[in-house]
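Novice: Protein sequences appear in the order of chains Z and E.
The opening position of the first sequence corresponds to residue 27 in our numbering, with each subsequent residue numbered one higher.
The opening position of the second sequence corresponds to residue 9 in our numbering, with each subsequent residue numbered one higher.
Structure below; questions to follow.
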Amino acid sequence: MRQLVTEVLVIGAGPAGLSAARSAAGQGADVVLADSNRLSGGQLLKQTHKFFGSTRHGAGMRGMDLARKLTTESEREGVRLLLGVSAVGRFAEGVVLKDGQDRLVLAKAQRYVIAVGASERGIAFPGWTLPGVMTAGAAQTFVNLHRVSIGDHVLVVGSGNVGLLLAYHLRQAGSDVVGIAEARREITGWAVHASKIRRLGIPVFTGVAIEGARGQDRVSEVTFRSSHRRWGGTCRLNVPADAVCLAVGLSPRTQLLQQIGCELAFSAVLGGTVPVHDRCMQTTLPGWYVAGDAAGVEEATVAMEEGQLAGLSAAHGLGYGSSRSYERKKAEILVSLDELRAGPLGGDRKAAKEELCLSRSR
Amino acid sequence: MDSPVGRRILQHPILGSLPEVPVCHIAVDGKWIPAREGEPILAALLAAGVIVVRTTGRYGAPRGLFCGIGHCSDCLVTVDGQRNVPACGTLVRNGMRVETLRSA
Numbered sequence: 027m028r029q030l031v032t033e034v035l036v037i038g039a040g041p042a043g044l045s046a047a048r049s050a051a052g053q054g055a056d057v058v059l060a061d062s063n064r065l066s067g068g069q070l071l072k073q074t075h076k077f078f079g080s081t082r083h084g085a086g087m088r089g090m091d092l093a094r095k096l097t098t099e100s101e102r103e104g105v106r107l108l109l110g111v112s113a114v115g116r117f118a119e120g121v122v123l124k125d126g127q128d129r130l131v132l133a134k135a136q137r138y139v140i141a142v143g144a145s146e147r148g149i150a151f152p153g154w155t156l157p158g159v160m161t162a163g164a165a166q167t168f169v170n171l172h173r174v175s176i177g178d179h180v181l182v183v184g185s186g187n188v189g190l191l192l193a194y195h196l197r198q199a200g201s202d203v204v205g206i207a208e209a210r211r212e213i214t215g216w217a218v219h220a221s222k223i224r225r226l227g228i229p230v231f232t233g234v235a236i237e238g239a240r241g242q243d244r245v246s247e248v249t250f251r252s253s254h255r256r257w258g259g260t261c262r263l264n265v266p267a268d269a270v271c272l273a274v275g276l277s278p279r280t281q282l283l284q285q286i287g288c289e290l291a292f293s294a295v296l297g298g299t300v301p302v303h304d305r306c307m308q309t310t311l312p313g314w315y316v317a318g319d320a321a322g323v324e325e326a327t328v329a330m331e332e333g334q335l336a337g338l339s340a341a342h343g344l345g346y347g348s349s350r351s352y353e354r355k356k357a358e359i360l361v362s363l364d365e366l367r368a369g370p371l372g373g374d375r376k377a378a379k380e381e382l383c384l385s386r387s388r
Numbered sequence: 009m010d011s012p013v014g015r016r017i018l019q020h021p022i023l024g025s026l027p028e029v030p031v032c033h034i035a036v037d038g039k040w041i042p043a044r045e046g047e048p049i050l051a052a053l054l055a056a057g058v059i060v061v062r063t064t065g066r067y068g069a070p071r072g073l074f075c076g077i078g079h080c081s082d083c084l085v086t087v088d089g090q091r092n093v094p095a096c097g098t099l100v101r102n103g104m105r106v107e108t109l110r111s112a
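Pasting the structure below:
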C-alpha cells in the first residue's frame with residue numbers, strides 16, 4: 027500500500043476542514059487535507075447567497091466565493107489537497123484513504139482533524155421514494171452546481187434555514203416554489219431568510235403534516251393535513267408538485283468517529299450522536315480533533331471558528347507557535363463562538379456544547 | 009437533440025449564463041443523449057428528462073435522484089457493463105454506455 031506521511035491530516039474540506047488546515051499550516055505544520063468530493067468547499071459550494079453578520083465571519087460574501095477564498099488561502103499556506111479521496115478508517119499505523127479507482131493509501135499523521143460534516147435526515151411518508159422526492163442538499167447540488175432544474179413546481183418540506191434558502195435558490199433558478207410545509211406552528215429558520223421568502227410571495231404552511239405523495243413514475247401531487255385552529259379543525263390540502271425537497275434537519279456524520287473509538291454522547295440540540303470533545307476541539311482520543319457539523323450541527327460560521335481552533339490546537343500540540351500566542355488566539359475564538367451562539371436560537375447550542383465538554387471531565 | 013438544453017438552467021441571476029463546455033454523448037439504454045463534459049451521469053440524465061434511473065428488484069418501484077452525493081443507493085446504474093455505479097457521483101465520458109437498472 028502506498029504511504030503518505032504528514033504531521034496533520036484533516037479529513038473533510040468544508041468550512042471547518044479548510045479552516046483547520048489553513049490555520050495548522052499557518053503555524054508551520056505539514057498538513058494534508060482530504061475530501062471525497064472533486065471540489066473543495068463542502069456545502070459552501072452550493073451557497074449562492076451572501077452571508078451576513080460580522081466581517082470576521084465572511085459577511086457580505088457568498089458561500090461559493092468563501093469556498094474559493096479558503097481554498098486559495100490554504101494552498102498559499104502550503105496545505106496539500108487530496109480531492110476525490112475518502113477515509114476508510116483508522117488502522118494501527120494511520121488512516122487508510124481510498125481514491126476514485128479504489129486504490130488505497132495509508133496516511134500516517136501525528137494529529138488528525140475530523141471535519142466530515144453532517145448528513146441529511148429524511149422523513150418517511152407514503153410515496154416518499156417516488157422520483158422527484160429528494161433531499162434539500164440534492165436539489166442544491168443539482169441546481170446550483172450542475173445547473174440542472176429539479177422540477178417546475180417544487181414543494182419544500184421544512185422551514186429551517188436550509189428550507190428557506192433552498193426555496194430562494196429554486197426561485198432564482200426559475201422554478202416555481204408552490205410552498206414550504208412546516209410541521210411546527212412557527213417558521214423555524216431565521217427571520218432574515220423568512221423575510222426573503224415572504225417578499226417573494228412563497229406561502230409557508232405551518233402546523234401541517236405530510237400525509238403522502240402520489241404519482242406514476244414521478245411525484246405529481248402531495249397531500250398534507252393540518253389540525254391548526256385557524257383551519258377550523260382537521261383539513262387536508264392537495265398541492266400539485268413535480269418535486270418535493272426534504273429540508274428536515276441534519277445529523278453529524280459519526281461513522282468515522284465511531285470507528286476510531288472516541289467517546290460519543292447524545293444531544294438532540296446538536297443533531298443526534300456527537301463526539302465528546304474539550305474546548306480545544308480534541309476528542310477523548312488524544313491527538314484526534316473534530317470540528318464543524320461533525321462536532322454538532324450548527325452554522326458555517328461556527329464551523330470555521332471551530333476548524334481554526336482545532337487546527338491551532340493540533341499545531342500547538344506538535345510544538346508550533348508559542349503558548350502565549352496560542353492562548354491568546356484560542357481565547358479570541360472562544361469569545362467569537364460565544365457571540366455566534368448568543369440569542370434565543372443559539373443559547374441551547376451553547377449549553378449543549380458546554381455539557382459535551384463537561385461529560386469529558388466526568 | 010444536438011445541444012444539452014433540456015432542463016438546463018441557462019441563465020442564473022447570480023451564477024450568470026451556463027459556461028460553455030465541450031459536449032459529449034452517452035448512450036442511455038441504447039439511446040444517445042448529449043452531456044456536458046465534467047458533469048455527473050445523473051445531471052445528463054435529468055437534463056434529458058430521464059427521471060427514473062432504476063426500478064427496485066422486488067416491487068419494481070421507480071427510483072431517481074435522492075441524495076445526489078453518493079450516500080444513498082437510489083441512482084445506481086450499470087456503466088459499460090459494471091453494475092451498481094452511482095450516477096450522481098460518476099462523471100460522464102464520451103461514448104459511455106449507461107443502462108438504467110430494471111427489475112425483470
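We treat Cβ as the ideally placed atom computed from N, Cα and C, and that holds for glycine.
Contact check, Z:L344 vs Z:A55 under 8 Å by CB: the rounded distance?
Specialist: Taking C-beta atoms under 8 Å as the contact rule, Z:L344 and Z:A55 qualify, at a distance of about 6 Å.
Novice: For Z:A378, is the classification buried or exposed, using 16 other Cβ atoms within 10 angstroms of its Cβ as the cut-off for buried?
Specialist: buried
Novice: Check whether the segment 194 to 214 of chain Z and the segment 225 to 242 of chain Z touch, using three or more Cβ-Cβ pairs below 8 Å as the test.
Specialist: Contact holds: three or more Cβ-Cβ distances are below 8 Å.
Novice: On the criterion of 16 or more Cβ atoms from any shown chain inside 10 Å, does E:I49 qualify as buried, or is it exposed?
Specialist: Label assigned to E:I49: buried.
Novice: With 8 Å as the C-beta to C-beta threshold (strictly closer), list the residues of the segment 198 to 224 of chain Z near chain E in chain order.
Specialist: Taking 8 Å as the cut-off between beta carbons, the residues of the segment 198 to 224 of chain Z near chain E are Q198, A199, G200, in sequence order.
Novice: For E:G72, return the contacting residues in chain Z, with the cut-off set at a CB-CB distance below 9 Å.
Specialist: L156, P157, G158, V159, M160, D243, R244
Novice: So with Cβ pairs under 9 Å, would you call E:L50 a contact of chain Z?
Specialist: yes
Novice: Which value, in whole angstroms, describes the spacing of the CA atoms of E:P70 and E:T108?
Specialist: Using only the alpha carbons, I get a separation of about 11 Å.
Novice: Are Z:G318 and Z:G143 touching if we call contact CB-CB under 9 Å?
Specialist: yes
Novice: Which of the three DSSP states is assigned to Z:S351 in this structure?
Specialist: helix
Novice: Roughly how many angstroms lie between the CA atoms of Z:T81 and Z:V361, to the nearest whole one?
Specialist: 15 Å
Novice: Measuring only the C-alpha atoms, how far is E:S11 from E:R66?
Specialist: For E:S11, the pLDDT reaches just 36, beneath the cut-off of 50, and the residue's location in the model is therefore unreliable, although a value from the coordinates is still provided. Rounded to whole angstroms, E:S11 to E:R66 spans 37 Å at the Cα level.
Novice: So what does DSSP say about Z:V31, is it helix, strand or coil?
Specialist: strand
Novice: Taking its Cβ as the centre, do 16 or more other Cβ atoms sit within 10 Å of Z:K72, making it buried, or is it exposed?
Specialist: buried
Novice: Going along the segment 174 to 186 of chain Z in order, which residues come within less than 8 Å of chain E, judged by CB to CB distance?
Specialist: V174, S175, I176
Novice: Determine the chain Z residues that contact E:I17 at a beta-carbon separation under 8 Å, and present them in chain order.
Specialist: V169, R173, V174, S175, A199, G200
Novice: Could you tell me whether any non-hydrogen atom of the ligand MG is closer than 8 Å to the CB of Z:M307?
Specialist: No copy of the ligand MG appears in this structure; indeed no ligand is present at all.
Novice: Using DSSP's beta-bridge definition, name the partner residues of Z:S263.
Specialist: Checking the sequence, you will find Leu at residue 263 of chain Z rather than Ser. Bridge partners of Z:L263: Z:F250.
Novice: In or out: Z:A294 buried (at least 16 other Cβ within 10 Å) or exposed?
Specialist: exposed
Novice: Could you confirm whether any beta carbon from chain Z is found closer than 9 Å to the beta carbon of E:L109?
Specialist: no
Novice: Can you give me the C-alpha to C-alpha distance between E:L26 and Z:T309, rounded to a whole angstrom?
Specialist: 44 Å
Novice: Any C-beta of chain Z within less than 9 Å: which residues of the segment 15 to 43 of chain E qualify?
Specialist: Within the segment 15 to 43 of chain E, the qualifying residues are R15, R16, I17, L18, Q19, H20, P21, I22, L23, L26, P27.
Novice: Ignoring anything shorter than 3 residues or poking outside the segment 129 to 157 of chain Z, list the beta strand (DSSP E) runs there in chain order.
Specialist: Runs of the beta strand (DSSP E) inside the segment 129 to 157 of chain Z: 130 to 134, 137 to 140, 144 to 146.
Novice: Residues in the same chain with beta-carbon distance under 7 Å from E:A29, minus the five sequence neighbours each way, listed in chain order, please.
Specialist: Before going on, a small fix: residue 29 of chain E reads as Val here, not Ala. These residues qualify, in order along the chain: R44, E45, G46.
Novice: So with Cβ pairs under 9 Å, would you call E:D88 a contact of chain Z?
Specialist: no
Novice: When you compare the segment 154 to 169 of chain Z with the segment 57 to 67 of chain Z, are there three or more beta-carbon pairs, one atom per stretch, that lie closer than 8 Å?
Specialist: no
Novice: On the criterion of 16 or more Cβ atoms from any shown chain inside 10 Å, does Z:A133 qualify as buried, or is it exposed?
Specialist: Of the residues assessed, Z:A133 falls on the buried side of the cut-off, its CB having 16 or more other CB atoms within 10 angstroms.
Novice: Whose C-beta lies closer than 7 Å to the C-beta of Z:G372 among residues of the same chain, with five residues either side of it excluded?
Specialist: L366
Novice: Can you tell me whether Z:M307 is buried or exposed? The criterion is at least 16 other CB atoms within 10 Å of its CB, across all chains shown.
Specialist: buried
Novice: Quick one, which of Z:G86, Z:L107, Z:H179, Z:L382 has its alpha-carbon nearest Z:T32's?
Specialist: Of the candidates Z:G86, Z:L107, Z:H179, Z:L382, the one whose C-alpha sits nearest the C-alpha of Z:T32 is Z:L107.
Novice: Assuming Z:V265 and Z:E247 form a contact by the criterion Cβ under 8 Å, report the distance between their Cβ atoms to the nearest whole angstrom.
Specialist: 7 Å
Novice: Does the CB of Z:R94 have a neighbour CB from chain E at under 9 Å?
Specialist: no
Novice: I'd like the list of long-range same chain contacts for Z:V328, defined as Cβ closer than 6 Å, with 5 residues on each side in sequence excluded.
Specialist: L366
Novice: Taking Cβ positions only, does Z:G43 come closer than 9 Å to chain E?
Specialist: So, not an interface residue.
Novice: CA-CA distance, E:R151 and Z:V174?
Specialist: Shown here, chain E extends from 9 to 112; a query on residue 151 of chain E therefore has no answer.
Novice: Near E:M9, what residues of its chain come up, given a Cβ to Cβ distance below 8 Å and the 5 sequence neighbours on each side ignored?
Specialist: Its pLDDT being 32, under 50, E:M9 is placed unreliably in this model, and the coordinates cannot settle the point.
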